[in-house]
Amino acid sequence: MTSPSAPVVATGYPWPIETTRLDNGLRVVVSEDRTAPVVCVNLWYDVGSRHEPVGQTGFAHLFEHLMFEGSQHVAKTEHMRLVQGNGGSLNATTNPDRTNYFETMPAEHLELALWLEADRMGGLVPALTQETLDNQREVVKNERRQRYENVPYGDAWLRLLALLYPEGHPYHHATIGSMEDLNAASLETFKAFHQQYYAPNNAVLTVAGDASPAEVFALAEKYFGLLEPVASIPPAPSAHLPGPATSPVRETVTAAVPAPRLYLSHRTHQFGTAGYDAITVLAAVLGNGRGSRLYQRLADGARIAQPDYIGSYGVDLAHAPAPLIITATAKDGVSVETLEEGLSEVIASLVTEPVTPEELSRAKALLTTAWWRQVSTVGGRADTLSRYATQFGDAAAAGYRLPQWLAVTADDVTEAAAYALKPESRVTLTYLPESNGESA
Numbered sequence: 005m006t007s008p009s010a011p012v013v014a015t016g017y018p019w020p021i022e023t024t025r026l027d028n029g030l031r032v033v034v035s036e037d038r039t040a041p042v043v044c045v046n047l048w049y050d051v052g053s054r055h056e057p058v059g060q061t062g063f064a065h066l067f068e069h070l071m072f073e074g075s076q077h078v079a080k081t082e083h084m085r086l087v088q089g090n091g092g093s094l095n096a097t098t099n100p101d102r103t104n105y106f107e108t109m110p111a112e113h114l115e116l117a118l119w120l121e122a123d124r125m126g127g128l129v130p131a132l133t134q135e136t137l138d139n140q141r142e143v144v145k146n147e148r149r150q151r152y153e154n155v156p157y158g159d160a161w162l163r164l165l166a167l168l169y170p171e172g173h174p175y176h177h178a179t180i181g182s183m184e185d186l187n188a189a190s191l192e193t194f195k196a197f198h199q200q201y202y203a204p205n206n207a208v209l210t211v212a213g214d215a216s217p218a219e220v221f222a223l224a225e226k227y228f229g230l231l232e233p234v235a236s237i238p239p240a241p242s243a244h245l246p247g248p249a250t251s252p253v254r255e256t257v258t259a260a261v262p263a264p265r266l267y268l269s270h271r272t273h274q275f276g277t278a279g280y281d282a283i284t285v286l287a288a289v290l291g292n293g294r295g296s297r298l299y300q301r302l303a304d305g306a307r308i309a310q311p312d313y314i315g316s317y318g319v320d321l322a323h324a325p326a327p328l329i330i331t332a333t334a335k336d337g338v339s340v341e342t343l344e345e346g347l348s349e350v351i352a353s354l355v356t357e358p359v360t361p362e363e364l365s366r367a368k369a370l371l372t373t374a375w376w377r378q379v380s381t382v383g384g385r386a387d388t389l390s391r392y393a394t395q396f397g398d399a400a401a402a403g404y405r406l407p408q409w410l411a412v413t414a415d416d417v418t419e420a421a422a423y424a425l426k427p428e429s430r431v432t433l434t435y436l437p438e439s440n441g442e443s444a
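In terms of our numbering, the sequence shown opens at residue 5 and continues consecutively.
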């Protein structure tokens, strides 16, 4: 184990942060907070849908399910029973960049949570059976139907990714993956995927809450220290793109939707850059809440968009220009052409009408509230530190995000809009209600 770092406290993260690295490569981050007798154990694996090779789409997400189905010393469903039975909560998520697993527990059960995570890191493959794999494949198929296929506008994200990123790009496909790929892969293929990526030297373990760094480092060494690193972890395919697209793309979907809806999207900057900080502030000015330009001009002013279905947001992807998504749903009697014209005018206004001091102040207040809400809980705090340790190599870099948002100027927002939101770089996804039983 390397010597623990000196405690770090940053402006946007006023709790101490200490880190170490085990001999097998596992990075361990601790943020002690004695406010309440609670801890969160959070593991980020540097594997998401962007790492999946051709023919293996959906693997990272399927493992999010399989990791709860038992490991070498933990029976099926036992992980969940042990955590919940001792007053804890747990979950996992997958996105294009990573997979995370986390438990929030009474501090007295910290050791239990660490043992459980270590056992499924090192002991999932021996416990993985064909029956378990087949069962979870069906669970994922059902999830796809429930979340994407059988709800209005549910497949928008799947369609947007394919339009924003070219064929072969690691962000071209969504985490849910291809059902054909999941069905075709053998048990041995899935085991090999786990053995490639779910290793101590491809993970960050963060503990936030009522535990000292010395205690956590000792327990991490006890339970994770003997796990073998992977000698050669396959790198993700190159995600390099020069920036915004150079020609517009359109897709129109006729489906069982209640009203016309538009999604306008642009590739912008990578998450973690100064350019993306400006895009984050821009998104708040443009489409966050009732005081935003979109709401004021299209929902409240022209009254062409439904008030509850209008807004803009960035998707924080870290390895290629991340998308800004702008969406609005037409009010009854409003054509999709009228709605698109209105959206385009408001987007263009970010260049022709400089952001006012009031707009900028409001956007920064919203972002400040969102940041402190995220890090106010041990769970949010642990996940944030895992993210910055994984994606930027330094958990303490999390403390700079809020100050960087607050440093964005009105001119920065104008420049970001002029760079990223050109009509010629726009993806336009249109949903139209089906008529005469037709769909596309």
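Each residue gets a CB set at the ideal place from its N, CA and C atoms; glycine is no exception. All values derive from a computational prediction rather than experimental measurement.
Selected residue, minimal CA-CA separation from residue i, among the options
i	options	result
Thr256	Glu36, Thr432 and Pro20	Thr432
Gly448	Asn28, Ser439, Leu389 and Val379	Residue 448 lies beyond the stretch modelled for the chain, which goes from 5 to 444, so this question has no answer here.
His270	Pro358, Thr277, Ser216 and Thr250	Thr250
Trp119	Pro246, Phe194 and Leu47	Leu47
Ala309	His323, Val338 and Ala324	Val338
Val350	Thr373, Ala324 and Gly315	Gly315
Tyr169	Val234, Leu137, Asn146 and Val253	Val253
Ser390	Arg102, Arg54 and Trp19	Arg102
Pro8	Pro110, Leu30, Thr133 and Asp138	Leu30
Leu268	His55, Ile21, Ser296 and Leu165	Leu165
Ala212	Ala424, Glu419 and Ser380	Ser380
Ser365	Ala424, Ser296 and Phe194	Ser296
Neighbourhood of residue i by C-beta, 7 Å cutoff - its chain only, sequence neighbours within 5 removed
i	result
Asp398	Tyr392
His198	Phe67, Leu128 and Val129
Glu115	Leu223
Glu121	Val45, Leu47 and Tyr105
Tyr152	Gly158, Asp159, Leu162 and Ile180
Asp281	Gln408, Trp409 and Val412
Nearest-angstrom Cβ-Cβ length linking residue i and residue j, presumed shorter than 8 Å
i	j	result
Leu499	Trp409	Residue 499 lies beyond the residue range present for the chain, which begins at 5 and ends at 444; the question has no answer from this structure.
Leu286	Glu344	Actually they do not touch by this definition, with Cβ atoms about 20 Å apart.
Ser39	Gly181	What sits at residue 39 in the sequence shown is Thr, not Ser. Incorrect: roughly 40 Å between the Cβ atoms, too far for contact.
Arg124	His83	7 Å
Ala322	Gln274	6 Å
Thr272	Leu328	5 Å
Val43	Val382	6 Å
Thr210	Val33	4 Å
Limits of the alpha helix (DSSP H) - the one that residue i falls within
i	result
Thr356	Val340 to Thr356
His83	Glu82 to Gly89
Val417	Ala414 to Ala424
Leu447	In the structure as shown, the chain starts at 5 and stops at 444, and residue 447 therefore has no counterpart that could be examined.
Leu70	Phe63 to Leu70
Tyr227	Pro217 to Phe228
Gln408	Arg405 to Leu410
Assigned secondary structure, residue i (DSSP; H/G/I helix, E/B strand, else coil)
i	result
Arg294	coil
Ile308	coil
Thr432	strand
His173	coil
Tyr17	strand
Met109	strand
Val211	strand
Arg301	helix
Asn99	coil
Tyr280	helix
Glu115	helix
Ser236	coil
Ser75	strand
Thr360	coil
Tyr317	strand
Glu22	strand
Ser390	helix
Pro204	helix
Leu137	helix
Pro427	helix
Segment limits, beta strand (DSSP E) that includes residue i
i	result
His270	Arg265 to Arg271
Leu328	Pro327 to Ala334
Leu47	Val42 to Tyr49
Leu254	Checking the sequence, you will find Arg at residue 254 rather than Leu. That run of the beta strand (DSSP E) goes Val253 to Ala259.
Glu36	Arg31 to Glu36
Sequence-distant residues of the same chain with beta carbon closer than 6 Å to residue i, five excluded per side
i	result
Pro311	Ala303
Met71	Arg124
Val78	Asp123
Gln395	Ala322
Gly74	Lys80 and Ala131
Val359	Val289, Ala414 and Val417
Ile1	In the structure as shown, the chain begins at 5 and stops at 444. Residue 1 is therefore absent and cannot be evaluated.
Tyr313	Thr333
Val208	Arg31, Trp48, Ser390, Ala393 and Thr394
Pro174	Arg54, Ala240, Pro241 and Ala243
Neighbourhood of residue i by C-beta, 8 Å cutoff - its chain only, sequence neighbours within 5 removed
i	result
Pro262	Pro156 and Pro437
Cβ of residue i within 8 Å of any chain B Cβ
i	result
His113	The structure shown contains no chain B, having only a single protein chain.
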